[in-house]
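Numbering (my numbering), first residue to last: 377 to 749.
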């Protein structure tokens with residue numbers, strides 16, 4: 377028996393089907409209707425959509441992982457790891473905000489106060505230094521570079537036997553928009569070697585290295601800083617002895633300062649290591665300067681923020697300086713500023729993707745006849 381359906385019912389069912397599936401129809405030969413071909417997005421557009429979806433997902437996952445790692449360091453069970461984390465990131469310009477993500481300002485301040493270098497208040501005693509050590513065979517022209525390493529760091533130590541060769545170089549004008557790299561300053565003055573020097577204005581890590589902070593004295597010329605205010609002075613006196621300590625500019629002049637920058641902390645004063653807290657300032661790229669009893673200058677640069685060299689603490693710097701016989705030693709600007717140059721080449725691994733950072737000051741080493749090929 378053949379089934380028959382009322383015409384109106386068939387039409388209504390067809391219209392309901394079309395409304396439900398939202399199928400587009402188009403005329404076909406013979407007056408019939410056929411399903412309209414769906415328009416697909418071009419392949420490049422589909423690829424870009426998928427690519428950005430995957431990229432967004434990946435970035436979101438990385439962000440969650442990073443936040444989780446920060447939380448573990450800040451709130452995890454290891455107090456030592458927390459202290460190292462806080463001390464390390466607060467010494468950076470761009471990442472210091474991470475210390476406050478899960479810790480209050482009061483907690484951060486307390487951690488830093490418990491993990492810093494205690495200044496003894498002493499000033500270096502020049503009488504402890506005898507240039508050449510009284511040895512007639514002492515080679516004043518000698519300059520050597522040695523590899524140094526520890527459990528968390530690698531770096532280089534440059535030993536300059538003649539302290540009169542080491543001096544502060546500064547850019548010509550601290551009001552310009554941008555400073556100069558150590559290699560540029562060394563090339564400008566035909567110096568054989570150099571390391572970065574004192575601090576500079578660096579708001580949110582965007583400083584261009586032109587505006588020096590604190591005292592700057594270059595080859596006997598006062599370049600920057602108040603003579604009335606106190607500075608943590610790091611430099612040399614007119615007898616080529618390392619001059620370090622907290623003093624006013626006037627006191628530095630009275631002490632016979634010939635070259636100096638301002639930074640810190642002090643590491644070794646008159647043969648005594650400074651007291652350091654548990655984390656010792658955290659692990660970071662570091663630069664330091666010291667002097668042995670025979671007058672030889674110790675220029676130390678530590679690589680950091682890299683897989684093969686996380687960085688050094690202040691305690692590490694003190695240990696290295698004492699191993700090399702430092703009577704006096706002080707920490708210079710570090711982080712992305714840390715670099716050592718020899719014969720026009722950067723011989724340490726700068727942690728910035730952009731290479732050497734522009735700076736207002738550095739310590740350079742003059743050439744002598746033995747250095748000229």
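Virtual Cβ for every residue (Gly too), placed ideally from N, Cα, C. As the structure is a prediction and not an experimental result, all values here were calculated from the model.
Note that the region 530–547 touches the region 503–519; at least 3 beta-carbon pairs, one per stretch, sit closer than 8 angstroms. Out of 702, 554 and 430, the CA that lies nearest to the CA of residue 737 is found in 554.
The C-alpha of residue 678 is placed about 11 angstroms away from the C-alpha of residue 696. The beta carbon of residue 732 lies closer than 7 angstroms to those of 557, 558, 559, 715, 722 and 726 in the same chain, with the five residues before and after it left out. Distances from the alpha-carbon of residue 663 to those of 645, 680, 479 and 551 put 680 closest.
Bounds of the beta strand (DSSP E) holding residue 708 are 702–708.
Under the three-state reduction of DSSP, residue 520 is assigned to strand. Residue 698 and residue 498 have their C-alpha atoms spaced approximately 18 angstroms apart. By the neighbour-count criterion, in which 16 or more other beta carbons inside 10 Å mark a residue as buried, residue 420 falls on the exposed side. For residue 425, the enclosing alpha helix (DSSP H) starts and ends at 419–451.
A direct Cα-Cα distance of roughly 25 angstroms separates residue 546 from residue 660. Just so you know, the alpha carbons of residue 709 and residue 429 end up roughly 42 angstroms apart.
Here DSSP, grouped into helix, strand and coil, assigns residue 542 to strand. Comparing C-alpha distances from residue 613 to each of 692, 604 and 630 shows the shortest one belongs to 630. The C-alpha of residue 445 lies about 16 angstroms from the C-alpha of residue 686. Beta-carbon to beta-carbon, residue 701 and residue 669 are separated by about 7 angstroms, close enough to satisfy the 8 angstroms threshold.
Counting only the Cα atoms, residue 705 lies some 26 angstroms from residue 512. Note on residue 628: 16 or more other CB atoms within 10 angstroms of its CB, so buried under the neighbour-count rule. Excluding its 5 nearest sequence neighbours in each direction, residue 501 has C-beta neighbours in its own chain below 8 angstroms: 646, listed in chain order. Counting every other CB atom within 10 Å of its CB across the protein chains shown gives residue 452 a total below 16, marking it as exposed. Three or more Cβ pairs closer than 8 angstroms define a contact, and the region 593–610 falls short of that threshold against the region 454–470. Going by C-alpha positions, residue 674 is about 18 angstroms away from residue 713. In the DSSP annotation of this structure, residue 634 is not part of any alpha helix (DSSP H); the continuous beta strand (DSSP E) holding it starts and ends at 633–638.
Residue pairing by DSSP places residue 612 opposite 618 and 635 in a beta bridge. Burial state of residue 544 is buried, judged by a 10 Å Cβ sphere holding 16 or more other Cβ atoms. Burial state of residue 461 is buried, judged by a 10 Å Cβ sphere holding 16 or more other Cβ atoms. For residue 667, the enclosing beta strand (DSSP E) has its first and last residue at 662–668.
Membership of residue 737 in the beta strand (DSSP E) is indicated by the continuous run 737–741.
Our two residues, residue 523 and residue 676, have alpha carbons roughly 10 angstroms apart in a direct line. In this structure, the straight-line span from the alpha carbon of residue 618 to that of residue 575 is close to 18 angstroms. Boundaries of the beta strand (DSSP E) harbouring residue 718: 716–718, taken from the DSSP string. Remark: fewer than three beta-carbon pairs, one from each stretch, lie closer than 8 angstroms, so the region 587–598 and the region 468–484 are not flagged as touching.
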